[in-house]
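Visitor:
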Amino acid sequence: MTHSYRIDTGRQTLVLAARNTRLPQVVYWGAPLPADEDLAMLHAAHAIDITGGMLDENPDLSLCPEASRSFPGQPGLILRDAGGAPVLAMFSLVDAVQTATDLRLTYRDAENGLDLTCTFLSDPETHIITCQTALNAEYPVYLDWLAAPVLPAPQHSETMIDISGRWCGEFQLAHTPWSAGIRLRESRTGRSGHEHFPGLIVPCHGATNTQGEAYAFHYGWSGGHRMIAEELADGRRQIQWGHAAGSDTQAATHFSTAPLYINYSDSGLNGCAVAFQRHLRDRIVTWPKPDTPRPVHYNCWEAVYFDHKLPVLKDIATRAAALGAERFVLDDGWFGRRDDDTTSLSDWIVDARKYPQGLQPLIAHIHGLGMTFGLWFEPEMINEDSDTYRTHPGWVLGRADQTRGRQQLVLNMALPAVREYLYGRIAAILTDHPIDYIKWDHNRVLPMPDAAQTRGTYALLDRLRVDFPAVEIESCASGGGRIDFGILQRTQRVWLSDSNDALERLRIHHDAALFLPMAVTGSHVGPRICHTSGRTLDMSLRAWVAAQRHMGFEMDPRELTDHEAAVLSKVTGWWKQNRHWLHSADILRLDSADPAVIAEQQLARDKTRFVVFAGKAATSTQIVPRPLRLTGLDGQARYRVTLVNRDEAPGLSRGAPLLKSGSLVASGTYLMQHGVTLPWSFPDRIWVLQGESL
Ligand code: DGJ
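For the sequence shown, the residue numbers in the working numbering are 8 to 701.
1. Can you check whether the CB of residue 381 is closer than 8 Å to the CB of residue 334?
2. Here's a check: name, in chain order, each residue in its chain whose Cβ is nearer than 7 Å to the Cβ of residue 129, leaving out the five neighbours to either side.
3. Between residue 194 and the ligand DGJ, is there a pair consisting of the residue's CB and a ligand heavy atom that are separated by less than 7 Å?
4. Report yes or no: do three or more beta-carbon pairs, one from the region 195-210 and one from the region 170-180, lie closer than 8 Å?
5. Compute the Euclidean distance between the alpha carbons of residue 618 and residue 543, then round it to the nearest angstrom.
6. Going by beta carbon distance, what residues of the same chain come within less than 7 Å of residue 681, once the five residues before and after it are set aside?
7. Is residue 486 close to the ligand DGJ? I mean its beta-carbon at under 7 Å from any heavy atom of the ligand.
8. Nearest by alpha-carbon distance to residue 290: which of 131, 676, 663, 240 is it?
9. Quick one: what does DSSP say residue 122 is sitting in, helix, strand or coil?
10. Give the single residue among 398, 304, 316, 597 whose Cα lies nearest to the Cα of residue 532.
11. Between the C-alpha atoms of residue 93 and residue 471, what's the straight-line distance to the nearest angstrom?
12. In this structure, how does DSSP classify residue 506 when only helix, strand and coil are distinguished?
13. Could you work out which residue in 440, 311, 306 is closest to residue 371 when comparing CA atoms only?
14. Excluding sequence positions up to five away, which residues of its chain have a Cβ less than 8 Å from the Cβ of residue 701?
15. Just to confirm the assignment, what range does the alpha helix (DSSP H) spanning residue 577 have?
16. If residue 197 sits next to residue 416, beta carbons under 8 Å apart, how far is it from one beta carbon to the other, in whole angstroms?
17. Quick one: what's residue 236 bridged to in DSSP?
18. Here's the rule: buried if 16 or more other CB atoms are within 10 angstroms of the residue's CB, otherwise exposed. What is residue 555?
19. Just checking my contact of residue 266 with residue 209 at CB under 8 Å: how many whole Å lie between their CB atoms?
20. Starting from residue 367 and walking both ways along the beta strand (DSSP E), at which residues does that stretch end?
21. Given this structure, state the Cα-to-Cα distance separating residue 697 from residue 584, to the nearest angstrom.
22. When the Cβ atoms of the region 570-577 are set against those of the region 324-334, are three or more pairs found closer than 8 Å?
23. What do you reckon, is the C-beta of residue 507 under 7 Å from a heavy atom of the ligand DGJ?
24. My output table needs one value for residue 270: the three-state DSSP class, helix, strand or coil.
25. Return the residue from the list 526, 261, 539 that minimises the CA-CA distance to residue 286.
26. Tell me the start and end of each unbroken alpha helix (DSSP H) in the region 430-516 that is at least 4 residues and wholly inside, in chain order.
27. May I ask whether a heavy atom of the ligand DGJ can be found less than 7 Å away from the beta carbon of residue 450?
28. State buried or exposed for residue 519, treating a residue as buried only when at least 16 other CB atoms are found within 10 Å of its CB.
29. Out of curiosity, what's the CA-to-CA distance linking residue 103 and residue 21?
30. For residue 628 and residue 191, I'd like the C-alpha separation in whole angstroms.
31. Sorry if obvious, but does the Cβ on residue 483 come closer than 7 Å to a heavy atom of the ligand DGJ?
32. Looking only at C-alpha atoms, which of 223, 457, 307, 50 sits nearest to residue 247?
33. Is it true that the CB of residue 229 sits closer than 8 Å to the CB of residue 461?
34. Cβ of residue 601 versus every heavy atom of the ligand DGJ: is any distance shorter than 7 Å?
35. Give a yes or no on contact between the region 605-612 and the region 350-365, applying the rule of three or more CB pairs nearer than 8 Å.
36. Inspect the CB distances between the region 140-156 and the region 81-95 and report whether three or more fall short of 8 Å.
Rendered as C-alpha cells:
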C-alpha cells in the first residue's frame with residue numbers, strides 16, 4: 008500500500024510517497040503536475056532497478072534516510088542514548104494531517120521511544136516551501152545530527168552552486184561538479200558566517216540567470232549549519248541541511264531543525280532568487296512601519312571611528328542631512344571608555360567624557376535636522392577590560408584560555424542572568440532616548456559551536472522586539488557574518504559587507520541577490536579612498552552602487568568636493584523618487600554577454616517599470632559594448648528606455664548611439680531578444696537605464 012501526499016505552490020509540485028507505514032521519499036519535484044496525476048503510479052514508477060552488487064531492496068532516500076534500513080549514504084539522524092551507545096531508529100507512520108497549504112507527518116519508533124515529525128508549509132504567492140523536522144524522545148538522548156526533510160537533487164544537473172566568502176568578500180559563488188561522494192559545507196564558528204552562507208542552488212543542464220530549471224535551498228539558522236550534497240553509488244543524489252553537527256551539546260528530549268526554505272524554478276536562477284527575495288521581504292521580516300519608505304542612512308563609523316566629539320558629529324550630521332540622509336546611526340565608541348577596540352564591550356552606559364550631557368544634545372540636533380537616530384550595540388560580547396567582566400567573569404562562553412578575537416570574549420547567552428542583564432541595559436537606553444534603530448554587531452566567532460547560544464540571542468532579540476516594537480534592528484557581524492532568514496525574522500536590515508569599495512560591492516550585490524531583496528540590504532557610499540581596499544573610485548560609481556540597495560553614506564562628508572556632493576545629492580534624490588516601487592521590485596540578474604559587465608534589472612511587480620544597473624567591473628575584451636539583453640518583460644508591451652546618467656559618457660565616446668541623446672522605444676521582445684546597445688565607457692563606471700511601459 009502506498010501513502011502519498013502532494014504539495015503545490017502553483018509553480019511547482021512536490022510529491023511524497025511511502026510504502027506502507029515507512030517514511031516517505033520525494034518521488035517528484037518540479038513543474039506543476041496535473042491535478043489528477045496518479046501519485047501511487049508515480050511511486051511505483053520511481054522505483055529503481057536492482058542488479059549485481061546491490062541489496063535485495065533499495066533503501067529509500069526518505070525524508071530522514073535510516074541507517075537501520077541499510078541506507079548507503081549519510082543518514083538523516085545520528086543519535087546516542089544517555090550512555091553513549093548509538094540508537095538506530097526505524098520509524099512508522101502515526102499520523103498525517105494535510106490542509107490546503109500545510110502537511111504534517113508524524114512517525115514513531117516505539118522500540119526506542121522516539122517520535123519524528125516533518126512539516127511542510129507551501130506559499131502560493133512566494134512559491135517557497137518551508138520544511139522542518141523535529142524529534143521527541145521519551146528519555147534524554149544526545150543528538151549528533153538531525154537533518155531537515157531530506158530532498159533529492161536533480162539528475163540532469165552537472166554542478167551545484169554553494170556560497171563561500173570572507174570578511175569584505177561575502178557571497179562568493181562556488182561551482183562544484185557533481186561526483187560520487189559528499190560535498191560538505193559546515194559553519195562551525197557559531198554564526199552563519201562570512202565563509203558559508205547557508206544556501207545552495209542546483210542548476211539543471213543549460214540553466215542561466217534568466218532561463219532553464221534550478222532548485223534552491225536556504226537553511227534559516229544563525230548558529231552555524233551543515234550542508235551535505237551527496238551522490239550515492241547508485242547515482243541518486245540527496246541534499247541534507249541541519250545545525251552544525253554536535254552543536255546541541257546537552258542530552259535532551261526535544262530537538263528541532265531550523266526551517267529549510269526550498270523552491271524549484273523554470274525561469275533560471277532568477278526564479279529561485281525572486282522566490283527568496285519576496286519570501287524574505289513579505290513573509291520573514293516584520294517591518295515596524297511597513298508603509299514608511301526605507302530612510303537614507305548616515306553611519307559615522309568610517310568618518311570618526313572611536314573619536315567621538317560632539318561638535319564634529321553635529322557638523323557631520325548637518326552635512327549628511329543636506330546630502331539627503333534621513334537616519335543618523337551613531338556607531339561604536341559611545342559607551343564605557345571605548346577609545347579603541349580593547350575595552351568596554353558590555354558596559355552599555357553612555358561615556359560621560361565624550362557626552363557630558365548624555366546623548367540627548369546630539370539626538371536633539373539630529374532630530375532638528377529632520378533625521379531619526381540609531382545606535383550601535385554589540386550585545387553578545389565582552390571585553391576583559393570592562394566593569395561587567397570584573398563583576399561577572401563567569402558569564403563568558405568557553406574556556407578562560409581560549410584565543411581572543413578582536414581582543415574580546417563572548418557572553419554565554421544561554422545563561423538567563425546574562426540575557427536579563429543585557430535586556431536591562433539595552434532597554435534602559437531605548438527607554439531614555441528616542442531611538443528608532445539598533446545596529447546589532449557581532450565581531451568574533453564563538454569558541455565552539457553551541458546551538459543554545461543562538462537560542463539565547465534569539466530570545467533576547469524577541470523580548471526587545473516585543474517591548475520596543477517600533478525599533479528596527481540591523482544584523483551586522485563584521486559586515487555579512489550573520490545573514491540568514493533566522494536572524495532576519497528578528498531584524499530588518501543586514502550590513503552586507505564591511506567593504507564600501509563600490510567595485511567589490513557591485514559583485515557582492517549581484518551574488519547576494521540570489522537570496523536578498525533590496526529592502527534589507529544595507530549599502531553605503533564610502534570614503535573617496537576606500538578604507539578596506541585602498542582603491543579610489545569615482546563618486547558616480549560609488550553613489551549608484553549604493554543606490555542599488557538600501558542606500559546610505561558612511562564617508563566623512565567634510566571630504567567631499569562640490570562636484571562629489573552634487574553627484575551624491577542627485578543620485579540620492581533619484582533613489583528617493585523611485586524607492587516606493589524599488590522596495591518591492593524583483594532583482595533579476597542579467598546574463599551579460601560581456602564578462603566585464605555585471606548587470607542587474609530591478610523590475611516592478613507589475614512589469615510596468617524597471618531600472619538596469621550595468622557596471623563595467625573590468626576592461627572589456629572587445630572594443631565597444633555588446634548588447635545587454637533584458638529579462639522578465641512583457642514581450643508585447645512597448646517600453647521607453649532612457650539612460651539616466653547619459654551625461655557621464657566620457658569624451659572618448661565619440662559616436663552617436665541612440666541612448667546618448669534620446670530614448671529607445673521598443674517592445675519587450677526586442678529588449679529581451681536583441682538587447683540594449685549602450686555607449687562606450689571607461690572601466691569602473693556604471694550605466695543606469697530606466698524603463699517604463701507605454
Ligand atoms: C564591525 C562593523 O561591520 C562596522 O561597520 C563597525 O560597526 C565596527 N564593527 C564597529 O566596531
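Glycine included, every Cβ here is placed at the ideal spot set by N, Cα and C.
Keep in mind the model is a prediction, meaning the values are calculated, not measured.
Guide: Let me spell this out:
1. In contact: residue 334 and residue 381 (Cβ atoms closer than 8 Å).
2. 14, 15, 16, 108, 136
3. no
4. yes
5. 26 Å
6. 634
7. yes
8. 131
9. strand
10. Measuring C-alpha to C-alpha distances from residue 532 to each of 398, 304, 316, 597 identifies 304 as the nearest.
11. 41 Å
12. Coil.
13. Closest option to residue 371, Cα to Cα, is 440.
14. 644, 645, 646, 647, 672
15. 569-589
16. Rounded, the Cβ-Cβ distance is 13 Å, inconsistent with contact.
17. 190, 246
18. buried
19. Between residue 209 and residue 266 the Cβ distance is about 19 Å, and since that is not below 8 Å, they are no contact.
20. Premise fails: residue 367 lies in the alpha helix (DSSP H), 367-375, not in any beta strand (DSSP E).
21. 13 Å
22. yes
23. Set against 7 Å, the gap from the CB of residue 507 to the closest heavy atom of the ligand DGJ is not smaller.
24. strand
25. 526
26. 458-474, 492-495
27. True, at least one ligand heavy atom lies under 7 Å from that Cβ.
28. buried
29. 16 Å
30. If I take the Cα positions, the gap works out to 37 Å.
31. For the ligand DGJ, at least one heavy atom lies less than 7 Å from the Cβ of residue 483.
32. A check of alpha carbon separations from residue 247 across 223, 457, 307, 50 identifies 223 as the nearest.
33. Their beta carbons are under 8 Å apart, which means residue 461 touches residue 229 by this criterion.
34. no
35. The answer is no - the region 350-365 does not touch the region 605-612, with fewer than three Cβ pairs under 8 Å.
36. yes
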